[in-house]
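Here our numbering is used: the first residue of the sequence shown is 125, the next is one more, and so on. Notes follow once the structure below has been shown.
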Amino acid sequence: MARGAALEAVTRWPGLAGATAVGISVLIPCWHAELTIGGALDSVEAQQGLPGHVGVEVVVVVDGRQDDRQAVIRWIESKGNGRRWAITLVCLTQNCGAGAARKAGYRHCSGPFLAFLDDDDEWHPKKLALQWGWHQANPGQIASGHGYNIIPKGHAVSFRRLLIGRHTLATPTLMIRRALWPYEPEPYRFGEDTLMLAMIALMQPIHVLSENLAWRSPKAPRLMDDNYSLSRQRLKLRAGKIKGIMILYQRGVLSPIWIPALLAWNLLLAIRRWLLDLKTCARRGDL
125 MARGAALEAV
135 TRWPGLAGAT
145 AVGISVLIPC
155 WHAELTIGGA
165 LDSVEAQQGL
175 PGHVGVEVVV
185 VVDGRQDDRQ
195 AVIRWIESKG
205 NGRRWAITLV
215 CLTQNCGAGA
225 ARKAGYRHCS
235 GPFLAFLDDD
245 DEWHPKKLAL
255 QWGWHQANPG
265 QIASGHGYNI
275 IPKGHAVSFR
285 RLLIGRHTLA
295 TPTLMIRRAL
305 WPYEPEPYRF
315 GEDTLMLAMI
325 ALMQPIHVLS
335 ENLAWRSPKA
345 PRLMDDNYSL
355 SRQRLKLRAG
365 KIKGIMILYQ
375 RGVLSPIWIP
385 ALLAWNLLLA
395 IRRWLLDLKT
405 CARRGDL
């Protein structure tokens, strides 16, 4: 179980698409998601193009909030006999953050491939088929990603470029072949996604498919108006990345020679982000 994540209950609903073996586990942390969780789940249900023997299971982790649990249950009930995939609902007794929620839900994932989705994002209907197909053609590859809101530049995400901020991937684009990945989701509240990507990229650059296959839900508030979006808490995210650098050093995978330069670089980026946010708030009249 994830550190600090008290497990309240686990409820399972079987899939209704026939006796198909689970090929892909979809892991979704859920927090203040009444407006968007339905769209996220709909986008998983709408996946097309997977071979008939590749089933999908969805693991939703409610991060300590009963309203989110009820929203997921209402969605399940609204589908009736029209729902395709098996769903596991994991409810935590307290809010622990997306990283700890993913780590708590990870032990309920049974598929050989793991795909991440956030509760305020949605997928293209062919996302899983295209990404799964790429992994079948490249059996030695641990992980892949793709575009999020924009068409990517087609580069691979390397460890060094990830650390300096040249390249990154949105978590809802990531698919992992679990047999080649000796880790689990990182349990931290901020910067856990970058740390997870860094640990993968340390072993092997992460391939980026050339398609845009994920985007923010049209029902989600604008980021600047969304009080519950982690993307809005940019300074805390930057602090989380700095913490991630120190964790990489403590794990012995980052040379101490890198530390001063990386800390200074991230401090400069944090100051720049703070100044840009001040300018944005002043333009909108929030100051």
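The beta-carbon is built from N, C-alpha and C at its ideal position, and this holds for glycine as well.
- Assignment of beta-bridge partners to residue 153 by DSSP yields 185.
- Counted as a single uninterrupted DSSP element, the beta strand (DSSP E) harbouring residue 332 occupies residues 331-340.
- Beta bridge pairing from DSSP links residue 382 with no other residue.
- Straight-line spacing of the CA atoms in residue 161 and residue 230 works out to 19 Å.
- Nearest Cα to residue 163 within the set 305, 267, 338, 214: 338.
- Residue 217 is classed as exposed because its beta carbon has fewer than 16 other beta carbons within 10 Å across all chains shown.
- If you draw a straight line from the Cα of residue 277 to the Cα of residue 334, it comes to about 7 Å.
- Annotation for residue 270: the continuous beta strand (DSSP E) segment containing it runs 267-272.
- Judged by DSSP in its simplified three-state form, residue 240 adopts strand.
- Measuring C-alpha to C-alpha distances from residue 294 to each of 301, 320, 306 identifies 320 as the nearest.
- Residue pairing from DSSP places residue 301 in a beta bridge opposite 237.
- The region 166-173 makes no contact with the region 260-271; the number of CB pairs closer than 8 Å stays below 3.
- Taken atom to atom, the span from the alpha-carbon of residue 221 to that of residue 313 is near 5 Å.
- Here residue 377 is exposed, its C-beta having fewer than 16 other C-beta atoms within 10 Å.
- DSSP places residue 178 in no alpha helix (DSSP H); its state is neither H nor E.
- Classified as buried, residue 193 has 16 or more neighbouring CB atoms from the shown chains inside 10 Å of its CB.
- For residue 209, there is no enclosing alpha helix (DSSP H), since its DSSP letter is neither H nor E.
- Residue burial annotation: residue 206 is exposed, with fewer than 16 other C-beta atoms found within 10 angstroms of its C-beta.
- Restricting attention to 153, 298, 219, 255, the CA atom closest to the CA of residue 232 is found in 153.
- Residue 209 is a Cβ neighbour of residue 180, given a cutoff of 8 Å.
- Straight across, the Cα-Cα distance linking residue 303 with residue 188 is about 30 Å.
- DSSP places residue 246 inside the beta strand (DSSP E), whose first and last residues are 245-247.
- Taking C-beta atoms as the reference points, residue 148 and residue 252 count as a pair closer than 8 Å.
- In this structure, the beta-carbon distance from residue 383 to residue 369 falls below 8 Å.
- The C-alpha of residue 308 is placed about 16 Å away from the C-alpha of residue 296.
- DSSP places residue 168 inside the alpha helix (DSSP H), whose first and last residues are 161-169.
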